[in-house]
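Below is one structure; the comments refer to it alone.
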Amino acid sequence: MTSPPYPRRPEAAPELPGLKPGGIAARARAAMTPSAPDAAYLTGLNPEQREAVETLDGPLLVLAGAGTGKTRVLTARVAHILATGRAFPSQILVVTFTNKAAREMKERIHAMVGDQIEGMPWLGTFHSIGVRILRRHHELVGLKSGFTILDTDDQIRLLKQLLAAENIDEKRWPARLLASTIDGWKNRGLSPKDVPPGEGAVFANGKGGMLYAAYQARLKALNAVDFGDLLLEGIRLFRENPDVLAEYHRRFKYLLVDEYQDTNVAQYLWLRLLAQGSKNVCCVGDDDQSIYGWRGAEVDNILRFESDFPGAKVIRLERNYRSTGHILASAAHLIAHNEGRLGKTLFSEGEEGEHVTVTGAWDSGEEARAVGEEIEALQRAGHKLSEIAILVRASFQMREFEDRFVTLGLPYRVIGGPRFYERAEIRDALAYLRCVNSPADDLAFERIVNVPKRGIGDATVKQVHDVARAAGVPLQEAARVLTQSEELKPKVRATMRGLIEAFDRWREQSRTLSHTELAEIVLDESGYTEMWQKDRSAEAAGRLENLKELVRSMEPFENLAGFLEHISLVMDTDNGAGEDAVQVMTLHSAKGLEFDTVFLPGWEEGLFPHQRALDEQGKAGLEEERRLAYVGITRARASARIWFASNRRIHGMWNSTVPSRFLDELPDAHVRVEESRGGVGWGGSAYGGGYGGGSYGQSRFDRAEPFAASSYSTPGWQRAQGQRSREGGGSRSGFSERPGGRFDAGAAGRRGGPTVIEGTLVASSTGAPSTFRTGERVFHIKFGYGEITGIDGNKLTVQFDKAGEKRVLEAFVERV
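Heads up, the sequence shown is in the UniProt record's numbering, so the first residue is 1 and it goes up one at a time.
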C-alpha cells in the first residue's frame, strides 16, 4: 500500500495526560477535529442529500432521480470521508462510466478539499481501474508486463485470421458478428469454458465456442487483451487469487459507484468481489433511467441491491432542481406504469410552469415543418437556439428536420454522431449514385470500388490510377481498359469487370426507371444493403433505417441529378459549430443533458416504443422504452413538446400510424393537447388532395389486426399496403380522440373488432390478455401445425410438428 501524503487525522482528538481539562490547550486540540456540520461542501444540501453524504457506515443505495443533484452528492460524500478522517484518498475507490464523468468529479472534489485529490489514484472508469489492477498482477492471468490493449480494428483483423484458419466463409459469418458475440459473452462475465453449449452453437454451425477459445489463446500469445478482458481477467484474478483480493479488501475502505443502473453482469461481478471486504459501499443510480439494455446493462443489478447487501439503507433523492412541476408530474405518472422499479416520485418546489403539450401532425413532413416554425417563433422571442433540443427515437428521423432547418436557415448541431448526410453509410450510398450519374466522378468511384469488400486492394487501385493518368481518362474508364488486358489477376479482373458492367447497366436503367427505384436497385445489386444486413453490430439496424430514409428523401426531386445537386448544397452548409444552434440527437445520446425546451417527435406505436424492442424483449423491452420516454421528458427544464404523425412513409410506402401508448399514460391534469400549427389540417389539402378520401385508403387500424403487425414490422406494412390498395376509402387517421382531448390508441381497433393493442406487453389499462392458451393447436402458414407451449404478450412459443420450437407473433397463427 502506498504511504499517505500526510498523517491520518483522527475522528476525534484523543485525551492526552498533562492537559488541563477544559483548558485552552485541550480546547484547541479538540478543535482540530473537523466540524462537518459547518463544512462548506455541506452548505445548500437538502435533507435527503445531506443524509446521503453523512451516512458513511454500511451499504447505501442512493436512488437519484433526474435533476436531483446526484453528482453533487457523490463528490460531497468523498469530501466528507476525507474531511472526517475516515480514510486516506488512496483508500477510496470511485467508479464512473465515462472519462468525462471522472474528470468532472475530480474537478469538483478538488474544489472542495484542495490538493488531497492528487492522492486519490482510484477514481476512474471501470476500464481504467481494471487495467491498473491488471498491470500490477499481469503474471497471475498469464500476461507479461507491457501487454497491449487491442482496439476494435485490431480485434476484427485477428478474428478474420482465425476464421480463415478454420476455412469459415467470412462473408456468411462476418468477423464483426463474431466480435459482437464474444463481446456479449464477456459483458456477461463468461469465459470460453462458461459459454452455454447452445449459445456457442449459434455461430458458424456450432463453432462459436471454439472460436472464442481460440481467440483468447491467440490474445495470450500476442500478450494482448481487448476491452472486455480488462474486467473479465480481473474477475478471474480475484477468484483464483484470494490473497490478491484480500489485499484490495484491505486497501479500499470506501467504494462509490456512479450510474449503477447501467452496469452489466461483468461490471457487477467485478464490483461485488471488491465490495466483499468493506461494507461501506455506496451505489448511486436511477432505475428509471436504465436505457442501455441493448448493450448489456442489467437494471436488475440496482433492483436487487438490498438483497445483495443485507442491511442496506436506501435514500431517495426526489427533489428535482431542473424541471417545472408539470414536466415532473408527467414523467412520474408515465414511469409509474413500469413494474420493474424500486419506486420514487420526483417533485419540484418551483413553479408549475407550462403544461407538457401533445400535438398530432398529418405526416412526418408536417411534423418537421411545424416544429421548425415553433423554433423560429421561439428564436424571435429571444430564446437561445442552443437551449432547444430535438430528441428522436431513431436516427433516420433526423433527416427531415435537418432538411427543414437548411431550408429555414436555422443553424443546428447533431450531437453524438454526424449529420444525416455525413454518416458513413449515406456517403457510401451517395458515392454509388454519383458514379451512376457521372462516370467521371473519381472520388466517388475510389470510395466504393471495394465497398463492400470485393478483393480489390490498394495495389489494384494504384494500377487503375496509373492507367488513368497515362491515358488522361476517369478511373471508371481506366478500370474498363484494365479489364480488357492481362494486367490484373484473373479473379480481380473478373470482379472489376462485373463492377463496371453493373454501372453501365444502372446507367442504362436510369433512362427508364425512377431515381428512387434505381437507388434501391443499386444498393441491392451492389451488395451494400446485404453487407449491413449481415452485420450484427448494434449500429447495423440503424444504418439500414438510414439507407431507407435516404431513398425516401429522393422522392420530392424530379431526377437523380437534381437530388445530388441538393445534397451538395446541404453538405456545404455550416453545421452550427461554434454558434447558437439547435441541438439534434437521439434519446439515448441525451441522457445526462438538459435544455430549456425539448421537442419529442415520433411518438407512434412501432417507432416509440420501437417494434424491435418489443419483438426481441417483450415486456422488458417495453419497460426500457418507457424509461427512455421518461429520460426524454425530464431533459426539459421549462417546456416539453411531444409530437406524433398520423402517417409515416415506411420503406417507400405510406402507412397509417397510431399514437404511442405512452401518450395515454401521461396525466390529464399536466398535459395539454394542441392543434397542429403546421398549416395542414387532417383534410390534407396542401397536397392537392393526394391524401384525401378514397385516394389514401383505409387505415389498417380500422381492422382487427393485432398490434404485433405494426407498420414498422415488415409483414405488417406489406399486408397493410395490400389491404389499402384493395379496399380504398375509409378512415384517414390512425387515432381517435376521447372526450377532453385525450388520445385513445385502441379506439380505432375497437371499431372493427377487438382492441388492436393487446397482450401482457402493455399496461393492464390498455388492452385485454391474449386469447390463446398453452396447449392449443395452431397453424402457421410457414411452419405448419404445432402446439402452444408458452405465451409472452403477443408472442407465442410453439412446438411445431416439423419445424421444431419457434417464437411467432400471434397475428400469424390461427386455431385448428
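Beta carbons: idealized from backbone N, C-alpha and C, even for Gly.
Query                                                                                                   : Result
Classification of S307 by the beta-carbon crowding that lies within 10 angstroms, buried from 16 upward : exposed
Own chain residues within Cβ distance below 6 Å of D792, not counting five before or after              : G618
Per-residue DSSP class, three states only, for A747                                                     : Because the pLDDT of A747 is 34, which lies under 50, any placement of that residue in the model is unreliable, and the question is left without a value.
Extent of the continuous alpha helix (DSSP H) run through Y630                                          : K619 to I633
Per-residue DSSP class, three states only, for Q463                                                     : helix
Same chain only: Cβ atoms within 7 Å of I109, ignoring 5 sequence neighbours per side                   : T75, V78, A79 and I117
Endpoints, beta strand (DSSP E) assigned at I315                                                        : K313 to L317
Secondary structure of Y254, DSSP reduced to three states                                               : strand
Where E810 falls, given that 16 or more other Cβ within 10 Å makes a residue buried                     : buried
Beta-carbon proximity check, F608 vs R341, cutoff 7 Å                                                   : no
Touch test, the segment 663 to 675 against the segment 351 to 366, Cβ-Cβ under 8 Å, three pairs minimum : yes
Nearest to R176 (by Cα), restricted to the options E352, R380, I156 and E240                            : I156
Three-state class that DSSP yields for Q611 in the structure shown                                      : helix
Contacting residues, own chain, Cβ-Cβ under 7 Å from I456 (five flanking each side not counted)         : V449, N450, V492, T495 and M496
D792 - partner residues in DSSP beta bridges                                                            : K795
Distance between T597 and S323 (C-alpha atoms, nearest Å)                                               : 10 Å
Residue(s) in a DSSP beta bridge with Q583                                                              : A389 and R413
C-alpha gap between A165 and I388, whole angstroms                                                      : 53 Å
Cβ-Cβ distance between T263 and N320 below 7 Å                                                          : no
contact_flag[the segment 274 to 289, the segment 60 to 73] where n(CB pairs < 8 Å) is 3 or more         : yes
Integer Cβ distance of E477 from P439, believed to fall under 8 Å                                       : 7 Å
Closest residue to H383 among D153, R469 and A638 (Cα-Cα distance)                                      : A638
Per DSSP, cross-strand counterpart(s) of residue 820                                                    : With the chain represented from 1 up to 816, any question about residue 820 goes unanswered, as that position is not in the structure.
Anticipated Cβ contact below 8 Å, K279 with G85, distance rounded                                       : Not really, about 19 Å apart at Cβ, beyond 8 Å.
Cβ-Cβ distance between Y412 and F405 below 7 Å                                                          : yes
The segment 256 to 270 contacting the segment 222 to 238, beta-carbon criterion three pairs below 8 Å   : yes
8 Å Cβ shell around I521 - same chain, five flanking residues per side excluded                         : W506, Q509 and L513
Opposing strand residues paired with E787 [DSSP bridges]                                                : R777 and Q799
Member of L614, W643 and F252 whose CA lies at the smallest distance from the CA of E604                : W643
Span separating the alpha-carbon of N338 from that of E623                                              : 6 Å
Residue environment, V756, which counts as buried when at least 16 other CB atoms sit within 10 Å       : The predicted model places V756 with a pLDDT of 29, which falls under 50 and marks its position as unreliable, so this point remains unresolved.
I426 burial status per 10 Å Cβ neighbour count (16 or more: buried)                                     : buried
Where the alpha helix (DSSP H) through G67 begins and ends                                              : Counting along the chain, G67 falls outside any alpha helix (DSSP H), and DSSP gives it neither H nor E.
Between the CA atoms of P47 and H670 - distance to the nearest angstrom                                 : 28 Å
Where the alpha helix (DSSP H) containing G602 begins and where it ends                                 : Unbroken run through G602: none, as it is neither H nor E.
Environment of I81 [buried if 16+ CB atoms lie within 10 Å]                                             : buried
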